[in-house]
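*Asks:* Numbers given in the working numbering equal positions in the sequence shown, counted from 1, plus 222.
My questions all concern the structure below.
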Amino acid sequence: MIDVRYERGVYLPQHDLWLDPWDAKGCAFVSHAHSDHIAPHNEIIVSERTARLMQSRLAGERIEHVLPFGERRTVRRLDLMLLPAGHIFGSAQCFVFAGDETLLYTGDFKLRPGKSAEQAEWHKADTLVMETTFGLPRYRFPPTEQVIDQIVTFCRETIDDGQVPVLLGYSLGKAQEILCSLKGAGLTPMLHGSVYQMTRIYEQFGQLFCKYVRYNANDVAGKVLICPPSANRSRMLESIPRKRVAMISGWAVDANAVYRYQVDAAFPLSDHADYNDLVRYVDLVQPRRVFTLHGFAAEFARDLREHGVEAWALTKENQLELQLETLARDSRSSIGSSPIGLDRDICQCWRNHCRDCRKVGKNPLACKLLAEARSKAASHCGDLFYGPRFCPERSAHIANRRIDHLPRDDGSGEIE
Ligand SMILES: [Zn+2]
Ligand SMILES: [Zn+2]
Ligand SMILES: [Zn+2]
């Protein structure tokens with residue numbers, strides 16, 4: 223079967239194709255314009271909308287292979303087809319035709335219809351490489367309309383109390399989804415500059431929104447502020463004395479989300495598939511083999527294996543697991559199917575750290591904290607990990623890059 227590797231991005235060595243690599247490569251498929259998926263590659267394979275969004279988010283020249291959705295095309299002697307991923311505006315999955323074999327790479331995706339993203343589509347594939355950000359059964363999202371009702375009620379009640387409602391959602395994708403959700407609610411959204419900039423690009427492609435205004439510090443009364451999570455506790459928001467802040471994120475399903483994000487409320491509107499939809503997707507694609515990445519990748523792969531689907535996480539821990547499993551199978555030894563225990567002494571939080579923090583292993587402060595975290599129960603080290611003392615350059619990282627698909631709070635909420 224097609225060889226699939228993971229080295230800070232998915233790599234198909236037989237075809238020399240990278241899928242959403244973190245580092246600059248010769249040629250890469252870029253699924254969407256979130257900052258954890260883009261890098262200054264020489265050549266990119268993208269959807270038209272992603273190409274446009276990427277131009278505004280990443281300076282520099284590059285060769286763009288812009289492909290339409292749903293049409294088989296040949297790029298560098300490889301047959302590909304992009305399919306809408308439903309994650310954000312322009313987000314694409316990559317379907318690879320390799321001889322008589324097929325592979326589907328989802329990038330970030332969701333199956334629920336979004337108001338500002340194309341509806342996801344799929345095809346059956348031999349190999350499915352999927353994101354599993356919310357790969358634990360506890361991440362089942364309530365119906366979207368119910369969540370939107372709660373958000374609208376939160377805004378109305380806050381304004382009625384003479385306060386300013388602030389909704390936090392990342393500037394590309396989530397903010398526009400929030401904006402669409404407020405349509406018809408009789409509210410006036412006021413957009414943070416970064417949100418405004420992205421929203422204008424959507425409009426260039428014909429997306430319609432309700433009436434909104436750009437942020438004006440002297441005119442916030444009666445408005446609904448839509449800001450990126452990084453604005454929380456910023457001078458901009460601190461200057462508004464009477465406000466209520468709500469985080470809009472799938473992680474709101476966690477009971478302690480309000481404390482982690484330091485907000486007044488949290489609502490689970492997500493651009494990612496929830497656990498049920500992850501399972502459903504595997505049923506729809508009917509792959510012979512699944513590779514998982516992001517979030518609870520190892521846990522979800524294990525769930526699939528327990529249900530008879532061959533599945534492996536594209537993480538270091540899981541590769542070890544795979545090796546041991548193969549070893550166990552080959553030697554019929556008594557290791558059986560539980561080599562999983564090996565990485566259990568490390569809190570799950572540590573599997574997914576900010577990409578800048580990958581150098582953390584060499585950081586004596588972080589190493590000390592890692593040892594401390596290992597000595598504690600998994601549920602207790604969230605604060606340790608995300609606490610300001612974890613990474614001395616944390617705020618700089620958040621400002622410059624972002625933290626990738628954290629299963630828990632990343633502090634900035636920039637979970638794209
Ligand atoms: Zn960091
Ligand atoms: Zn994303
Ligand atoms: Zn992502």
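C-beta: ideal position from N, C-alpha, C; glycine also.
1) Closer than 8 Å by C-beta to ILE266: which residues in its own chain qualify, once you throw out the five before and the five after it? Chain order, please.
2) So is the beta-carbon of ASP258 under 8 Å away from any non-hydrogen atom of ligand 3?
3) Would you say the beta carbon of SER393 comes nearer than 8 Å to a heavy atom of ligand 2?
4) From what residue to what residue does the beta strand (DSSP E) around LYS185 run?
5) State the beta-bridge partners of ARG511 as determined by DSSP.
6) Under three-state DSSP, which class holds MET420?
7) Taking its Cβ as the centre, do 16 or more other Cβ atoms sit within 10 Å of ALA477, making it buried, or is it exposed?
8) Could you please give the first and the last residue of the uninterrupted beta strand (DSSP E) stretch that includes ILE470?
9) Let me check one thing: in DSSP terms, what residues is TYR228 bridge-paired to?
10) I need the straight-line Cα distance from GLY329 to ALA468, nearest angstrom please.
11) Could you pull out every residue in the same chain whose Cβ sits closer than 7 Å to the Cβ of VAL442, ignoring the five residues on either side in sequence?
12) Starting from GLN368 and walking both ways along the beta strand (DSSP E), at which residues does that stretch end?
13) Sort PHE319, LEU305, SER313 and PHE311 by Cα distance to VAL297 and report the nearest one.
14) Indicate the three-state DSSP secondary structure (helix, strand or coil) for ARG334 in the structure shown.
15) Here's the rule I'm using: 16 or more other beta-carbon atoms within 10 Å means buried, otherwise exposed. How should ARG481 be labelled?
16) Okay, do the region 496 to 514 and the region 346 to 355 touch, 3+ Cβ pairs below 8 Å being the bar?
17) Give me the Cα-Cα distance between LEU447 and ARG422, rounded to the nearest whole angstrom.
18) For ligand 3, any of its heavy atoms closer than 8 Å to the Cβ of ASP499?
19) Could you tell me the distance, in whole angstroms, from the CA atom of LEU404 to the CA atom of LYS337?
20) Does HIS287 come out as helix, strand or coil in the three-state DSSP assignment?
21) Write down the C-beta distance between VAL351 and LEU333 rounded to the nearest angstrom, noting that I regard them as a contact closer than 8 Å.
22) What is the DSSP secondary structure of PHE431, reduced to helix, strand or coil?
23) From ILE381 to ASN454, what distance separates their C-alpha atoms?
24) Should LYS247 be labelled buried (16 or more other beta-carbon atoms within 10 Å of its own) or exposed?
25) Between LEU394 and the rest of its own chain, which residues show a CB-CB distance below 7 Å, the 5 nearest in sequence each way excluded?
26) List the DSSP bridge partners of VAL268.
27) Buried or exposed: which applies to PRO335, given that a residue is buried once 16 or more other Cβ atoms fall within 10 Å of its Cβ?
28) Quick check: what's the CA-CA separation for TYR437 versus ILE370?
29) Using only the heavy atoms of ligand 2, determine whether one of them is closer than 8 Å to the beta carbon of SER452.
30) What is the residue span of the beta strand (DSSP E) that PHE317 lies within?
31) If the criterion is Cβ atoms closer than 9 Å, does the pair ALA487 and PHE376 meet it?
*Replies:* Inspection of the coordinates gives the following:
1) Start at 1 with the first residue of the sequence shown, and residue 266 comes out as number 44. Around ILE266: CYS249, ALA250, PHE251, VAL252, ALA273, MET276, ARG284, ILE285, GLU286 and HIS287.
2) Counting from 1 along the sequence shown, the entry for residue 258 is found at position 36. Correct: ASP258 has its Cβ closer than 8 Å to ligand 3.
3) Indexing the sequence shown from 1 puts residue 393 at position 171. Every heavy atom of ligand 2 is 8 Å or more from the Cβ of SER393, so no.
4) Residue 185 cannot be examined here, being either before or after the span of the chain that is shown, 223 to 638.
5) Residue 511 sits at position 289 when you count from the first residue of the sequence shown. ARG511 pairs with THR349.
6) Numbered from its first residue, the sequence shown carries residue 420 at position 198. The answer is helix: DSSP assigns MET420 an H, G or I state.
7) Working through the sequence shown from its first residue, we reach residue 477 at position 255. Under this definition ALA477 is an exposed residue.
8) Here residue 470 is taken as the residue at index 248 of the sequence shown, counted from 1. Per DSSP, ILE470 belongs to the beta strand (DSSP E) from 465 to 470.
9) Counting from one through the sequence shown, the residue named residue 228 turns up at place 6. Answer is VAL232, bridged to TYR228.
10) Along the sequence shown, one-based indexing puts residue 329 at 107. Along the sequence shown, one-based indexing puts residue 468 at 246. Each residue's Cα considered, the two are about 27 Å apart.
11) The residue labelled residue 442 in the question sits at position 220 within the sequence shown. VAL386, MET412 and ILE462, listed in sequence order.
12) In the sequence shown, residue 368 corresponds to position 146, counting from 1. Note, GLN368: premise wrong, no beta strand (DSSP E); alpha helix (DSSP H) at 366 to 382.
13) Mapped onto the sequence shown, residue 297 falls at position 75. Here the closest residue by C-alpha is PHE319.
14) Walking along the sequence shown from the start, residue 334 turns up at place 112. Residue state, collapsed to three classes: coil.
15) On the sequence shown, position 259 is the one that residue 481 refers to. For the record, residue 481 in the displayed sequence is Tyr; it is not Arg. Flag for TYR481 reads exposed.
16) Touching, yes, given that three or more Cβ pairs across the two stretches are closer than 8 Å.
17) For the purposes of this step, residue 447 is taken as the residue at position 225 of the sequence shown. For the purposes of this step, residue 422 is taken as the residue at position 200 of the sequence shown. Looking at the two C-alpha atoms, the distance is approximately 17 Å.
18) Residue 499 sits at position 277 when you count from the first residue of the sequence shown. No, ligand 3 has no heavy atom inside 8 Å of this Cβ.
19) Translated into the one-based positions of the sequence shown, residue 404 becomes position 182. Translated into the one-based positions of the sequence shown, residue 337 becomes position 115. One C-alpha to the other measures close to 11 Å.
20) Stepping through the sequence shown from its first residue, residue 287 is reached at position 65. Strand at HIS287.
21) Along the sequence shown, read from residue 1 onward, the residue named residue 351 stands at position 129. Along the sequence shown, read from residue 1 onward, the residue named residue 333 stands at position 111. No, VAL351 and LEU333 are not in contact; Cβ-Cβ is about 17 Å, not under 8 Å.
22) Taking the sequence shown and counting its residues from 1, the one referred to as residue 431 is at position 209. In the three-state DSSP reduction, PHE431 falls in the coil class, being neither helix nor strand.
23) Along the sequence shown, read from residue 1 onward, the residue named residue 381 stands at position 159. Along the sequence shown, read from residue 1 onward, the residue named residue 454 stands at position 232. Distance between the alpha carbons of ILE381 and ASN454 is about 19 Å.
24) Position 25 of the sequence shown holds residue 247. Classification of LYS247: buried, given that the 10 Å Cβ count is 16 or more.
25) Stepping through the sequence shown from its first residue, residue 394 is reached at position 172. Closer than 7 Å at Cβ, skipping near neighbours: ALA255, HIS256, LEU275, ILE310 and MET420.
26) For the purposes of this step, residue 268 is identified with residue 46 of the sequence shown, where counting begins at 1. VAL268 is bridged to VAL288.
27) As a position in the sequence shown, residue 335 is number 113, starting the count at 1. By the Cβ-count criterion, PRO335 is exposed, with fewer than 16 other Cβ atoms from all chains shown falling within 10 Å of its own Cβ.
28) Taking the sequence shown and counting its residues from 1, the one referred to as residue 437 is at position 215. Taking the sequence shown and counting its residues from 1, the one referred to as residue 370 is at position 148. Their Cα atoms are separated by approximately 22 Å.
29) As a working mapping, residue 452 is identified with position 230 in the sequence shown. Answer for SER452: no, Cβ out of range of ligand 2.
30) Reading the sequence shown from its first residue, position 95 is the one you call residue 317. Segment 314 to 320, the beta strand (DSSP E) holding PHE317.
31) Position 265 of the sequence shown holds residue 487. Position 154 of the sequence shown holds residue 376. For ALA487 and PHE376, yes; Cβs fall inside 9 Å.
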